[in-house]
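Numbering (this note's numbering), first residue to last: 1209 to 1447. No residue lacks a Cβ here, since even glycine has one placed at the ideal position from N, Cα and C.
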Ligand code: MN
């Protein structure tokens, strides 16, 4: 293959400055986890599916994406986005892929995980609802700047694979969302296996695993505290 037909290049070949690699801190280490693609699972807790007006039948999982540039790290700010007046929090456990693969069997899926983190799938609910109604893509509602706050990556070597445990979100000290990882409709191995039939997973991919019930709006100056038992916490302020 000639160099002009390949997507890879050396830095000196770039005509404009290349974007930096987005990364997350790794707990207990100075090393960092490079973020590749961000996949998000829709409606993966029955109570949340019901609150969004859907029948939580176990239909196949569905996915949407956010660019890696939407990451906000722990202690960071979430600037209230433009063109929206209804912006919701969605607390989710994040799965960090360490080794890639296609058509990964469920029973091998966890061997592809490097670690876990606490994330927020921030959502312009008004724009998402408009897109749903018009049969349009969700990108403006889901994949906007600063829409993917994510805490430090906790390696599997430290915490194993959390399959149950409390998932909660407090806004200004008051509980808004409470659930349990055990109530995921598609658990982590099943989600990885299914997603890997649609995309060849790559090292650095993150999977936001879905949110429990209780999603709701935030306003400027709100302080969000997201928690996943066995994984950790994530603090983000709306500015
Ligand atoms: Mn979500």
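At a Cβ threshold of 7 Å, is residue i touching chain B?
i, result
"residue 1218", "The structure shown contains no chain B, having only a single protein chain."
So, are the CB atoms of residue i and residue j less than 7 Å apart?
i, j, result
"residue 1248", "residue 1286", "no"
"residue 1205", "residue 1377", "Any answer about residue 1205 is impossible in this case: the structure gives the chain only from 1209 up to 1447."
"residue 1322", "residue 1304", "yes"
"residue 1425", "residue 1334", "no"
"residue 1259", "residue 1390", "no"
"residue 1361", "residue 1234", "yes"
"residue 1252", "residue 1393", "yes"
"residue 1280", "residue 1357", "yes"
"residue 1243", "residue 1412", "yes"
"residue 1375", "residue 1436", "yes"
"residue 1326", "residue 1440", "yes"
"residue 1332", "residue 1372", "no"
"residue 1438", "residue 1370", "yes"
"residue 1246", "residue 1414", "yes"
"residue 1309", "residue 1406", "no"
"residue 1343", "residue 1442", "no"
"residue 1317", "residue 1225", "no"
"residue 1232", "residue 1241", "yes"
"residue 1254", "residue 1264", "yes"
Rounded to the nearest angstrom, how far is the Cβ of residue i from that of residue j, given a contact under 8 Å?
i, j, result
"residue 1299", "residue 1404", "Contact flag wrong, Cβ pair sits at about 25 Å."
"residue 1278", "residue 1355", "5 Å"
"residue 1416", "residue 1269", "With a Cβ gap of about 12 Å, residue 1416 and residue 1269 do not count as contacting."
"residue 1329", "residue 1419", "6 Å"
"residue 1297", "residue 1384", "7 Å"
If you follow the beta strand (DSSP E) that residue i is in, where does it begin and where does it stop?
i, result
"residue 1390", "Looking at the DSSP string, residue 1390 is not in any beta strand (DSSP E), and its letter there is neither H nor E."
"residue 1281", "1279-1281"
How is the alpha helix (DSSP H) around residue i delimited, first residue to last?
i, result
"residue 1218", "Looking at the DSSP string, residue 1218 is not in any alpha helix (DSSP H), and its letter there is neither H nor E."
"residue 1378", "No alpha helix (DSSP H) contains residue 1378, which is instead part of the beta strand (DSSP E) from 1374-1379."
"residue 1396", "1396-1406"
"residue 1341", "1333-1342"
"residue 1240", "Segment 1240-1242 is the beta strand (DSSP E) holding residue 1240; no alpha helix (DSSP H) there."
"residue 1366", "1364-1367"
"residue 1349", "1347-1350"
Cβ-heavy atom distance between residue i and ligand 2 below 6 Å?
i, result
"residue 1392", "With respect to small molecules bound, the structure shown includes ligand 1 and not ligand 2."
Kindly provide the chain-ordered list of residues whose Cβ lies closer than 5 Å to any non-hydrogen atom of ligand 1.
1298, 1329, 1419
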